[in-house]
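First to last, the sequence lines map onto chains L and S.
Note that my numbering gives residue 46 to position 46 of the first sequence, counting from 1, and the numbers run on in steps of one.
Note that my numbering gives residue 363 to position 363 of the second sequence, counting from 1, and the numbers run on in steps of one.
The structure appears below as structure tokens.
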Amino acid sequence: MIKLLHVEDDADIREIAMMALGLSGEFDVLQCSSGSEAIAKVKAFSPDVLLLDMMMPGMTGRETLDQIRKDPMLASIPAIFMTARAQHSEIEELLMNGAAKVISKPFDPMALADQIKLAIKKPTSID
Amino acid sequence: MKQVTKLKSSTAIAVIGGCGLAAAWYALSQLAFSGTAETVLPVLGAIVIAGTVPSLVMNRASKRASRETRFSMTQRLDAFGKHACINIVDENDKLSEVNDKLLELTGYDRDELIGRPVTFLYNDIEKEVAAEIRDNLRRGKSWEGETRLRRKDGCVVFTQSTIMPLFDRAGKWAGSISVRTDVSRTNELIAERHTAQTLYELRDDVWIIDAESETFSYLNRAAERRFSTSYSNYRGQSLSKVDHEGHSLDVLTACREMKANEQTVARFQTIIMDVSVDVSIKFLHGLEDAGRFLIVITDISERVEREKHSSAFISMVSHELRSPLTSIKGAMGLLLSKSAGELPKAAVSLLEIAHRNADRLVLIINDILDLEKIADGQMEIDLKEVDLVALIQEADQANAMLQQRFGVKVQLKGMDTPVPFNTDPNRFIQVLTNLLSNAYKFSRPGTTIYVEVQEEDTHVSVFVKDEGQGIPQDEQHKIFSRFSDMTNSDRALKGGTGLGLNICKAIVENMGGTIGFESAEGVGTTFYFRLPRVSLNSNANLIDLAVR
């Protein structure tokens with residue numbers, strides 16, 4: 001089982017992602033609605049991969065990742081961003097700064113599990 | 001005045017002298033004569049002497065004064081003729097006399113002017129002035145003002161002219177005399193002064209830096225204000241000294257690079273004294289020195305701020321629209337994948353319609369955001385060296401599903417070897433995908449779409465040819481307009497946004513290229529776009545194009 005920490009402020013999207021990942025049967029998912037909640041729970045959960053929404057009120061996905069990676073034990077966890085932003089340069093900047101993958105919203109729920117599995121096995125890419 | 005005074009004193013001396021001589025004659029002649037002669041001759045002689053001597057003396061003095069006056073006048077006229085251009089016009093308005101100075105100014109020979117109408121000398125646009133002058137002269141009035149004369153070589157010279165009428169002894173009109181001074185240089189100096197004044201008052205900062213010593217030789221008022229100093233304080237100051245004060249690091253570096261690489265122009269954006277500025281540098285070659293850098297600095301802080309707001313707006317709208325669509329599409333996708341169990345056939349059919357239209361909505365949002373970026377000059381053009389063949393194959397593969405849906409085949413022509421090209425790969429694919437998807441939608445099932453690359457020295461062209469229904473002749477003019485439905489298209493059914501070609505045009509033009517098509521109804525359409533070969537550091541120029 002792949003332990004995945006999903007951080008997303010939109011409850012509907014959290015539910016769809018949970019259902020989509022649940023279909024594959026290969027993920028143990030913990031969901032958080034904010035960056036601060038994720039930071040509080042990440043160490044105890046010790047995920048294999050982080051799935052972070054980019055734009056969230058309070059702490060953004062990027063800021064959340066920066067905080068998590070301050071802990072040496074968690075610094076090497078691969079991070080995948082989800083973003084509704086259209087700017088290509090922003091997506092490229094995320095990849096340059098260590099994101100394993102950037103998934104654009106709206107995403108295909110049926111392809112989500114495969115995309116994540118692929119991203120944590122191979123170098124960075126944009127979907 | 002002096003002449004008159006001199007004449008008056010001569011007259012007085014002559015009269016006194018004449019009276020003195022007459023008195024002497026009277027006294028001495030009485031001793032010399034006797035009888036009647038002794039009575040008559042002294043008186044008669046004294047009267048004659050007193051009357052004739054002053055007259056003789058005065059006549060002689062007058063002649064001498066006249067000679068001096070004539071000599072003086074001749075010298076003055078010589079000097080006048082050397083200073084001013086003089087011409088005399090006869091009663092028929094034809095030139096009858098011209099001095100050497102006028103010939104020198106106009107470049108004509110004397111023979112070429114004598115006998116010509118005086119208007120021959122005037123510039124075409126001065127004909128009205130010539131008429132005004134003639135009118136004044138005929139009424140006996142002189143005229144003064146600026147006249148533009150046409151030189152033999154076609155150039156125009158400005159003269160300050162005084163033109164006076166001439167009359168014969170009977171008072172009849174006999175022509176005119178014109179005295180002109182060349183004021184072209186004066187006018188040039190005035191124009192230069194105005195230019196310098198304009199430069200000084202310009203809203204942008206203007207610096208002039210000596211290329212060799214890297215010192216300031218000029219600052220306009222805006223630059224003085226920025227530095228809170230006066231021009232005299234900075235004249236001769238080194239740019240590097242100013243640089244040390246944190247004002248112009250990038251400017252100094254750019255000047256040195258231009259010098260090293262023998263570049264004549266440079267343009268970049270930087271921050272000077274906490275203000276975002278656009279810097280434009282032009283190297284001006286010197287005739288006897290190492291030349292100068294003309295530096296124009298434009299404050300773009302307002303534009304930068306506006307772009308930041310606009311970018312934030314686009315980002316926010318993008319997020320706010322896509323997030324609910326993510327839920328809608330995700331939920332429908334899961335339902336269609338039977339993750340919530342088997343659905344009735346009619347429900348699946350309705351869900352498919354909703355899902356397809358949600359996809360369309362995503363495309364429309366993407367297109368609207370693209371248009372917003374284009375309008376704000378924020379269209380990102382990120383040049384990279386790519387293989388066009390690989391990009392075209394990528395676009396072709398990405399559209400495989402659409403090809404299947406519309407039952408068409410795609411054939412790539414002229415792509416046996418790689419075509420290296422500097423372009424923005426994402427924008428290139430965006431344009432090509434758009435043209436390809438249009439070709440699929442409007443082709444007859446079973447037909448082939450041809451994609452071809454043609455290389456030229458300065459450009460590369462890409463052609464997408466279909467064997468579809470073609471674009472009606474009378475609707476071709478609106479093909480690149482937004483939401484322009486053709487009578488033979490069914491945009492809603494085929495999934496178009498009505499914005500694609502408009503965006504393609506904007507993208508291609510932002511990359512300095514052109515886009516077009518040829519179409520025949522019932523035969524097919526060929527769309528093409530042509531992009532210039534550019535160097536990888538041309539981003540700034542492309543951004544400029546986008547802003548415009």
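We put the CB at the ideal spot given by N, CA and C, even for glycine.
Remember, predicted model here, so these are calculated numbers, not experimental data.
Check, Outcome
"Where H285(S) falls: helix, strand or coil (DSSP)", "coil"
"Contacts that R85(L) makes with chain S (C-beta to C-beta distance below 8 Å)", "S315, S318 and H319"
"Neighbour-count burial assignment, K127(S), 16 or more Cβ in a 10 Å radius", "exposed"
"Contact with chain L by E307(S), beta-carbon distance below 9 Å", "no"
"Backbone secondary structure at I126(L) - three-state DSSP", "With a pLDDT of 48 at I126(L), under the threshold of 50, the modelled position of this residue cannot be trusted, and the question is left open."
"M379(S) in three-state terms, based on DSSP", "coil"
"Stretch-stretch touch, CB-based, cutoff 8 Å, three pairs: the stretch 383 to 401 of chain S with the stretch 420 to 436 of chain S", "yes"
"Distance between beta carbons of L4(L) and V29(L), contact taken as under 8 Å", "5 Å"
"Per-residue contacts from L325(S) into chain L (C-beta, under 7 Å)", "P106"
"6 Å CB neighbourhood of Y108(S) in its chain, flanking five on each side removed", "K152"
"Continuous beta strand (DSSP E) stretch holding A174(S): start and end", "W173 to D182"
"Helix, strand or coil at A520(S) according to DSSP, with G and I counted as helix", "strand"
"Unbroken alpha helix (DSSP H) run spanning C85(S), endpoints", "It is not in any alpha helix (DSSP H) - C85(S) instead sits in the beta strand (DSSP E) that spans C85 to V89."
"The stretch 284 to 300 of chain S contacting the stretch 207 to 223 of chain S, beta-carbon criterion three pairs below 8 Å", "yes"
"Distance, L369(S) Cα to M258(S) Cα", "39 Å"
"Residues near L542(S) by beta carbon distance below 8 Å, same chain, minus five either side", "Because the pLDDT of L542(S) is 46, which lies under 50, any placement of that residue in the model is unreliable, and the number read from its coordinates should be weighed accordingly. Correct list, in chain order: I381, L383, N510, M511, G512 and V534."
"Neighbourhood of D544(S) by C-beta, 7 Å cutoff - its chain only, sequence neighbours within 5 removed", "Since pLDDT at D544(S) reaches only 43, below the 50 mark, its modelled position is unreliable, and the value read off the structure follows with that caveat. Nothing listed; no residue qualifies."
"Close beta carbons around I16(L), own chain, < 8 Å, minus the five adjacent residues each side", "P109"
"DSSP-derived helix/strand/coil call for L435(S)", "helix"
"Residues of its chain near S29(S), where Cβ-Cβ distance is below 7 Å and the 5 sequence neighbours each way are ignored", "L41, P42 and G45"
"Neighbour list for A211(S) in chain L, Cβ cutoff strictly below 8 Å", "Residues of chain L passing the Cβ test: none, with the nearest at roughly 37 Å."
"Selected residue, minimal CA-CA separation from C255(S), among Y234(S), R221(S) and R292(S)", "R292(S)"
"Beta-carbon proximity of L52(L) to A38(L), cut-off 9 Å", "yes"
"C-alpha distance - S217(S) paired with A196(S), whole-angstrom precision", "14 Å"
"Extent of the continuous alpha helix (DSSP H) run through F421(S)", "Taken as a continuous stretch (DSSP letters only), F421(S) belongs to no alpha helix (DSSP H), being part of the beta strand (DSSP E) at P420 to T423."
"Top-ranked residue by Cα proximity to F227(S), from D274(S), T264(S) and L105(S)", "D274(S)"
"Stretch pair the stretch 93 to 102 of chain L + the stretch 70 to 82 of chain L: three plus CB contacts closer than 8 Å", "yes"
"Sufficient close CB pairs (3 or more, under 8 Å) joining the stretch 172 to 180 of chain S to the stretch 85 to 104 of chain S", "yes"
"Partner residues on chain S for H88(L), Cβ-Cβ distance less than 7 Å", "E380 and N426"
"Selection of the stretch 14 to 46 of chain L by Cβ proximity to chain S, strictly under 9 Å", "E15, I16, A17, M19, A20, G22 and L23"
"Run of the alpha helix (DSSP H) containing S36(L), from where it starts to where it stops", "G35 to F45"
"Below-9 Å beta-carbon distance, D12(L) vs any chain S residue", "yes"
"CB contact check: L383(S) to chain L, cutoff 9 Å", "no"
"Neighbour flag for R322(S) against chain L, beta carbons, 9 Å", "yes"
"Interface residues of the stretch 347 to 363 of chain S facing chain L [CB-CB below 7 Å]", "V362"
"Assigned secondary structure, E132(S) (DSSP; H/G/I helix, E/B strand, else coil)", "helix"
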